[in-house]
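Encoded as structure tokens, the structure appears first; notes follow it.
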Amino acid sequence: MNRSNEQKLDHIINRMANDDSVNAPADAITYAKNLYRTRSTAAQPSAFRRIMAVLQLDLAPNKAAFGERSVSGVQARQMLFEAGDNAVDLRINTGGEKFHIRGQILGTGFDTGSEAELAGRDMKVRAKLDANGGFTFAGLGSGEYGLTIQNTDTEIVVEKIIL
Amino acid sequence: MNDLASNANSVEFAASDLAKTDAALVKRCRRGDQAAWDELVGRYQRLIYAIPRRAGLSEEQASDVFQEVFLTLVEKIDEIQQPEKIRSWMVTTAKFKTWGLIRGSKGLHSPDTTEEMENEMASIADESPLADDLLIELEEQHLIRTALTELEERCQKILSMIYLTDPPASYAEVGAAIGVGETSISPLRSRCLKKLEKVLSR
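Those sequence lines, one after another, are chains A and B. Just so you know, the first sequence maps onto residues -7 to 155 in the numbering used here. Just so you know, the second sequence maps onto residues 19 to 220 in the numbering used here.
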């Protein structure tokens, strides 16, 4: 349909004036945005090796590990993951309502310059590994997180860390 | 992916520049760009949520449709052959998923193919809560909102306050908001509308 300029402007005004649409609920938008995170984790091929870490040990504070006679007495929750030739050791403390993760990647290949990234529902934080493969994330809210530790050719992915 | 039934030919605005920015976002998404995905979700969230809502579905059902549309998009984004037509793809997908929920609530069986569903919808178009006219209106409103973001901030504010708020702001209120006299608003409004029309037509 050929409209005059004035008609075109009237049409635009009319459409704007009748626009009663509203934003989708915030949680639905967050869900949609997070959908892509799983895709981008799965879809980076290249020369990278991606290793999915497998939980070997999840030890709550003051609980005995399987095979131990007595409790360990540690105040932090400890999670140990196996990831190919490496392992990831996480110690999780609480301070008030916040959580702190102190981690270390064991084995070779990850040292200063490598990076750890922790991704939660609405946030993502990064930390450089120290010379011992250690890293720290502080002030975390409760929720589910994913951890990725990366060097130049390998990426270790730890899924579902629930705080 | 099929480029399923689309309202692109019926929408009055050419909006090819906006379609190009859509295509650019899709291409960046394919390269793993989370920021592009976030922008795509932000750009389309209102349109995709509006389709099931205008068809009479509840907020909860509309949220389900919304999530399914974006889930399908994330799965199919590498297969979309014409990224500049992503709008049509999303509207069609939302339409089918909405229709699927409506059918389910009536206890009807699901058609086996999208063609079957398309034919079924066409056969009752006049009574359908998702008639083409409604979808065209929603698409045009989406294009106007997107085009608005291409204008300078002052124009965005003027047009939004006058046309997109309920009740509309008075010229005095708009003038106060952007720091000019009330008498300047009418000519500014006209200039901004022309700019908006230009974005929509190129």
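Note that the Cβ used here is the ideal one computed from N, Cα and C, for glycine as well.
Since D109(B) and L58(B) should fall inside the 8 Å C-beta cutoff, what is the C-beta to C-beta distance between them, to a whole number of angstroms? In the sequence under discussion, the amino acid at residue 109(B) is Val, which differs from the Asp named in the question. At roughly 14 Å, the Cβ-Cβ gap does not stay under 8 Å, so V109(B) and L58(B) are not in contact.
Name, going along the chain, the residues of the segment 3 to 24 of chain A whose beta-carbon falls closer than 9 Å to a beta-carbon of chain B. H3, I4, I5, R7, M8, A9, N10, D11, D12, S13, V14, N15, A16, P17, D19, A20, I21, Y23 and A24
Rounded separation between T128(A) and I154(A) - CA only: 16 Å
What did DSSP end up calling G126(A) once you bin it into helix, strand or coil? strand
Taking Cβ-Cβ distances shorter than 8 Å, what residues in chain B pair up with R29(A)? Q52
V150(A) and G138(A) look like a contact to me (Cβ under 8 Å); what is the Cβ gap, rounded to whole Å? 7 Å
Give the interface partners of L1(A) over in chain E, defined as CB-CB distance under 8 Å, in chain order. The displayed structure is made up of protein chains A and B, and chain E is not among them.
Report the rounded CA-to-CA distance for R64(B) versus N15(A), giving the unit in angstroms. 5 Å
Would V83(B) and A112(B) qualify as a contact pair, given that the criterion is a beta-carbon distance under 8 Å? yes
I84(A) versus A123(A) - alpha carbon distance: 21 Å
Can you tell which of N(-3)(A), R94(A) and G76(A) has its C-alpha closest to the C-alpha of T146(A)? G76(A)
Exposed unless 16 or more other CB atoms sit within 10 angstroms - verdict on K103(B): buried
Simplified DSSP assignment, three categories, for E78(B): helix
Cα-Cα separation, G125(A) to M179(B): 54 Å
L56(B) versus chain A: which residues are under 7 Å apart at the beta carbon? Note on residue identity: the sequence assigns Asp, not Leu, to residue 56(B). Per Cβ cutoff of 7 Å: K25.
Chain-order list of residues whose beta-carbon lies under 6 Å from that of Q142(A) (same chain, five-residue window excluded): E107
Buried or exposed: R118(A), going by 16 or more other Cβ atoms within 10 Å of its Cβ? exposed
Quick one: Cα of D151(B) to Cα of I97(A), how far? 59 Å
Closer than 7 Å: R49(B) CB and nearest the ligand SAM heavy atom: Among the components of this structure there are no ligands whatsoever, and the ligand SAM is therefore not found.
In the structure shown, what three-state DSSP assignment does T86(A) receive? strand
Quick one: what's I154(A) bridged to in DSSP? E136(A)
Is there a C-beta anywhere in chain A that falls below 8 Å from the one on Q79(B)? no
Does DSSP put R118(A) in a helix, a strand or coil? strand
Using the three-state DSSP reduction, which class does F114(B) fall into: helix, strand or coil? helix
Pair every Cβ in the segment 199 to 212 of chain B with every Cβ in the segment 21 to 29 of chain A, then say whether three or more of these pairs are closer than 8 Å. no
Using a Cβ-Cβ cutoff of less than 8 Å, which residues in the same chain neighbour L121(A) once the five nearest sequence positions on both sides are dropped? I97, F102, D103, T104, G105, S106, E107, A108, F127 and I141
Residues that A78(A) bridges to, as DSSP identifies them: Note on identity: in this sequence residue 78(A) is Asn, with Ala being the wrong assignment. In DSSP, N78(A) forms a bridge with A75(A).
Under 8 Å, do A111(A) and F73(A) count as touching if we go by C-beta distance? no
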